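Residue numbers (the UniProt record's numbering): 1 to 253.
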Amino acid sequence: MAGFRDRGITPPGLRLVPHPAVALVLVFGGTIAVEDATGRRQHGSFVTGLGYGERLSALRADAFACLQVRLSPVVARAVLGGAVADLGRAALSLDELWGRDAARLAGRLGELPSWAARFAWMDAWLARRCAAAPGVDPEVAWAWRRIAADRGVIRIERLAAELGWSRKQLWSRFRAQVGLSPKHAARLVRFDHAVHRLVAGQDAAGVAADGGYADQSHLHREVAAFTGLTPVTVVDEPFLAVDDRAWGRPGRG
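Have a look at this one:
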């Protein structure tokens, strides 16, 4: 989780770089309306699907605060239900997903006196949601954790073989419950590790060699596919620049 506060000086646009997590953005203490690159508009709190990466433009914003929660797709299914797989790489207003419960949740966060109290309350709320609802199948959870642990480099054929499934069976079950195919999920995880190494100042050739890419051109194509940028320009993205500071340790706000 990370907490963010805006005092009415929201920039005109912010590119969200794809990340291997479902993002829950809970807005309280003010209002914001945003529009993505396709013209879809979201008001207030919203959720983005696994690997969401588009430019968001503020249409209207008062001073507001928001608590952002990154959920692995294994946890997200328990928290959000089957809707998580239907999100794909899109964004959805929490009002559409939860109705009045979304406003009640944001209101409760606004009543708490500090970020520490909000993090603790949200942690307990998420634990209750996970305990009350089914998550993904154990085999799908194992496959996701294996992909994440191997930084997206593992071959999907090997995953299927270790599970005792066919490649088609793994693809079908994984896609239905996570929202992406296992191959695309592995690409996303590999990209995430690579782009953060680029931001840390490592050279593209070394990142490509160590990150499981065929060569530097392969890395260039993947960065362009996920962001529309090059390895040289993606390091200047503001969202990535604050990533380590905002998400460097639990409870940072």
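Using N, Cα and C, we set each Cβ at its ideal position, and we do this for glycine too.
The model shown is predicted, which means the values in this text are computed figures rather than measured ones.
{"query": "Environment of residue 120 [buried if 16+ CB atoms lie within 10 Å]", "result": "exposed"}
{"query": "C-alpha gap between residue 156 and residue 182, whole angstroms", "result": "7 Å"}
{"query": "Contacts around residue 238, its chain only, beta-carbon distance under 6 Å, and the 5 residues preceding and following it disregarded", "result": "none"}
{"query": "Beta-ladder partner(s) of residue 43, from DSSP", "result": "33"}
{"query": "Alpha carbon of residue 43 to alpha carbon of residue 161, nearest angstrom", "result": "45 Å"}
{"query": "Touching by the beta-carbon criterion (3+ pairs, under 8 Å), the region 169-181 and the region 45-53", "result": "yes"}
{"query": "Other residues of its chain near residue 102: CB distance less than 7 Å, five sequence neighbours each side excluded", "result": "45, 94, 95"}
{"query": "Assigned exposure category for residue 251 - 16 Cβ within 10 Å defines buried", "result": "Low per-residue confidence applies at residue 251: pLDDT is 37, beneath 50, and the placement is therefore not dependable enough to give any value."}
{"query": "Given 8 Å, three or more beta-carbon pairs between the region 162-175 and the region 190-209", "result": "no"}
{"query": "Beta bridge counterpart(s) of residue 68 as assigned by DSSP", "result": "2, 25"}
{"query": "Nearest-angstrom Cα separation, counted from residue 113 out to residue 222", "result": "43 Å"}
{"query": "Reduced DSSP category for residue 48 - H, G, I as helix; E, B as strand; rest coil", "result": "strand"}
{"query": "Spatial neighbours of residue 137 in its chain, beta-carbon cut-off 7 Å, leaving aside the 5 residues before and after", "result": "173, 177"}
{"query": "Three-way DSSP call (helix, strand, coil) for residue 90 in this model", "result": "coil"}
{"query": "Reduced DSSP secondary structure (H/G/I, E/B, other) of residue 100", "result": "helix"}
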